[in-house]
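Enquirer:
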Amino acid sequence: MSLVVVGSMAFDAIETPFGKTDRIIGGAGTYIAWCATNFVPVKQISVVGGDFPQAELDELTARSVDLEGVQIKKDEKTFFWSGRYHMDMNSRDTLETQLNVLGDFQPVVPESFQDCEFLMLGNLAPSVQLSVIDQLRTRPKLIVLDTMNLWMDIAMDDLKKTLAKVDVLMVNDSEARQLSGDYSLVRAAATIMKMGPKYVIIKKGEHGALLFHESKVFFAPALPLEEVFDPTGAGDTFAGGFIGHLAKTRDISFENMKTAIIIGSAMASYCVEKFGTQRLREITKTDVDNRLQEFVQLVNFDISLG
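Under the working numbering, the first residue of the sequence shown is numbered 4, with each subsequent residue one higher.
In structure tokens form, the structure reads like this:
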């Protein structure tokens, strides 16, 4: 079994109604790796600058993340993003984006990563995601892709080429509508499945997530939380829990994907409790099990149709 994760490793500066940070560690690849290693080891493909702390790389290594696929460009700077969240915590304004090393990132798949069975493509330019797929000599058992509206605006042709080669697409509800051109999420998912993915996951933030496959639909709620401190990385953490569970069980049936979505939601519910990756560094297996039990209780009911 081998899980390969492709995604950004970055610095974030975040402002929410509950607090503010300067430069903390972020990036889709970082969140996915911190989460997925609760289930299986991770082989990471990314790029950082010389300013990325060695201590962070060492912590990931200690966490069973193989960093052979992470390029370190010593004379350049790491990707930086700054954003401010509104009171509802679902909408945000991007204040600053510095692509830095991500601007001309050309991923290289190490030989030791060629045993990839599960490939998680975090949100990056579709051409970068496609490059990784094309470098793998054997097609993975499952390829999961996360993307965003930016690529639909500026790289739709590349995105469609990449979508044709993946099994699962993760998007939020507004992205699903933009990609499909349809307001109904059921019709949107059907349209997207014709583009290539066999499964479509539509994330709805605090309102849970939907899983579509052929004519089947599954809904997973989000855990109602008293406080949401920082939603940055919640979607990436969801992806990490989802792919981590599938890679651990090696079962890619629709039924097991239902479980994977609940696990992803449980992991994301921890992520939002503190800034950045801080909460993900603290949780134990017992914490995860307890949170999963809360999800079971949230949706469990008996009904008599007599």
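All residues carry an ideal CB built from backbone N, CA and C; glycine is no exception. This structure is a prediction, so every number in the text was calculated from the model and none was measured.
Over what stretch of residues does the beta strand (DSSP E) that includes S183 continue unbroken?
Expert: That residue, S183, is in no beta strand (DSSP E); its alpha helix (DSSP H) goes D176 to S183.
Enquirer: At which residues does the beta strand (DSSP E) containing F14 begin and terminate?
Expert: A13 to T19
Enquirer: Could you say if the region 123–136 and the region 102–113 meet the contact criterion of at least three C-beta pairs nearer than 8 angstroms?
Expert: yes
Enquirer: Give the DSSP bridge partners of L124, in chain order.
Expert: V9 and L148
Enquirer: With H, G and I counted as helix, E and B as strand and the rest as coil, what does DSSP make of Q132?
Expert: helix
Enquirer: Assign G243 to buried or exposed, taking buried as 16 or more other Cβ atoms, counted over all protein chains shown, within 10 Å of its Cβ.
Expert: buried
Enquirer: The alpha helix (DSSP H) with G52 in it runs from where to where?
Expert: Run containing G52: none in the alpha helix (DSSP H); it sits in the beta strand (DSSP E), V45 to G52.
Enquirer: Taking 8 angstroms as the cut-off, does the region 140–149 touch the region 158–173 (at least 3 CB pairs, one atom from each stretch)?
Expert: yes
Enquirer: Under 8 angstroms: do the region 206–218 and the region 83–90 share three or more Cβ pairs, one atom per stretch?
Expert: no
Enquirer: Grab me the residues of D78's own chain with a C-beta within less than 7 angstroms of its C-beta, minus the 5 sequence neighbours each way, in chain order.
Expert: G53
Enquirer: State the CB to CB distance for the pair L226 and S272, rounded to an integer number of angstroms; the pair is presumed to be in contact (CB under 8 angstroms).
Expert: A Cβ-Cβ distance of about 4 angstroms is found for the pair L226 and S272, placing them in contact under the 8 angstroms criterion.
Enquirer: Under DSSP, the beta strand (DSSP E) around K219 begins and ends at which residues?
Expert: For K219, the enclosing beta strand (DSSP E) has its first and last residue at K219 to A223.
Enquirer: Who are the Cβ neighbours of P200 in its own chain at under 7 angstroms, not counting the five residues just before and after it?
Expert: L166, V169, D170, V171 and L172
Enquirer: Evaluate K46 with the Cβ neighbour count: other Cβ atoms within 10 Å of its Cβ, from every protein chain shown; 16 or more gives buried, anything less gives exposed.
Expert: buried
Enquirer: R253 to F42, Cα distance in whole Å?
Expert: Spanning the two alpha carbons is a distance of roughly 12 angstroms.
Enquirer: As a quick exercise: from F232, Q296, A212 and M12, pick the residue whose alpha carbon is nearest that of N103.
Expert: M12
Enquirer: Using three-state DSSP, classify T240 as helix, strand or coil.
Expert: It is helical.
Enquirer: Going by C-alpha distance, which of Q296, Y34, I195 and L301 is nearest F278?
Expert: Y34
Enquirer: What residue range is occupied by the uninterrupted alpha helix (DSSP H) comprising D170?
Expert: From DSSP, D170 is part of no alpha helix (DSSP H); its letter is neither H nor E.
Enquirer: Taking the continuous beta strand (DSSP E) assigned at S85, which residues delimit it?
Expert: It spans F83 to Y88 - the beta strand (DSSP E) in which S85 sits, taken as one unbroken run.
Enquirer: Among I17, I28, G10 and V9, which has the Cα closest to the Cα of T280?
Expert: I28
Enquirer: Out of L188, Y186, A263 and T19, state which residue places its alpha-carbon closest to the alpha-carbon of N93.
Expert: T19
Enquirer: Looking at the secondary structure, which residues open and close the alpha helix (DSSP H) in which I195 lies?
Expert: For I195, the enclosing alpha helix (DSSP H) starts and ends at L188 to M196.
Enquirer: Can at least three beta-carbon pairs, one atom from the region 209–221 and one from the region 253–263, be found at a separation below 8 angstroms?
Expert: yes
Enquirer: On a Cα-Cα basis, can you pick out the residue from L145, P143, L182 and K144 that is closest to L162?
Expert: L182
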